[in-house]
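One structure is given here, and the rest of the page talks about it.
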Amino acid sequence: MSDEFTVSGLTIPRIAIYEGAILVLWGVAAYIISGQSSITAMIPSFMGAPLMILGLLSEKIPDMRHHLMHASMVMALLMVLGGARVFADFSDMSNLAISSHIILIFVGVTFMICGIMSFRAARLAREAE
1330 MSDEFTVSGL TIPRIAIYEG AILVLWGVAA YIISGQSSIT AMIPSFMGAP LMILGLLSEK
1390 IPDMRHHLMH ASMVMALLMV LGGARVFADF SDMSNLAISS HIILIFVGVT FMICGIMSFR
1450 AARLAREAE
């Protein structure tokens, strides 16, 4: 049994991979649903791909996990900040754009919560040694 921090049985890098994949798939679906009219429909994919890649690298290079997960947290923060635009331009957006912004916010916030819990657990474990 590993002493690695998990949320619902998933490590934080694995959560990054899954949430990144969700965003990539959503971005591609949004682009197709929009009739391929605008590349901006793929913004969730552009935000999810780096998150997924950082999660994969974090699993493959454990020595760099600390730095890679911090970079993942920055990506999650950018997702929340970018998605927050929905509150300013709500009336001018299509339902698809609103959905994409809400998904960006949800994924960003959930990843940041998991990441903060992980960072806190790591700090407490270091202090206990």
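Residue numbering for the sequence shown follows the working numbering, beginning at 1330 and increasing consecutively. Think of the CB as a built atom: it goes at the ideal place given N, C-alpha and C, for glycine as much as any other residue.
Which runs of the beta strand (DSSP E) at least 3 residues long sit entirely within the stretch 1393-1427? Give them in chain order. Those beta strand (DSSP E) runs which fall completely within the stretch 1393-1427 and span 3+ residues do not exist here.
Under 8 Å, do G1407 and L1397 count as touching if we go by C-beta distance? Per the sequence presented here, residue 1407 reads as Leu, with Gly not at that position. No; because the gap between Cβ atoms is not below 8 Å, this pair is not in contact.
Should the stretch 1426-1434 be called in touch with the stretch 1338-1346, which here means at least 3 C-beta pairs below 8 Å? No: fewer than three Cβ pairs fall under 8 Å.
Test item: CB-CB of P1373 and I1432 under 8 Å: Yes.
Please report the residue range of the alpha helix (DSSP H) in which S1374 lies. For S1374, the enclosing alpha helix (DSSP H) covers residues 1372-1389.
List the residues that DSSP assigns as beta-bridge partners of V1336. V1336 is bridged to L1339.
Nearest-angstrom Cα distance between P1342 and W1355? Each residue's alpha carbon lies about 20 Å from the other.
Can you look up G1364 in the DSSP assignment and give me helix, strand or coil? Residue state, collapsed to three classes: coil.
So for E1458, helix, strand or coil by DSSP? DSSP places E1458 in the coil class of the three-state scheme, outside both helix and strand.
Taking the C-alpha atoms as reference points, what is the distance between M1393 and M1404? Their backbone Cα atoms lie some 17 Å apart in a straight line.
Can you give me the Cβ contacts of S1337 inside the same chain, cut-off strictly under 6 Å, excluding the 5 residues immediately before and after it? So no residue of the chain qualifies.
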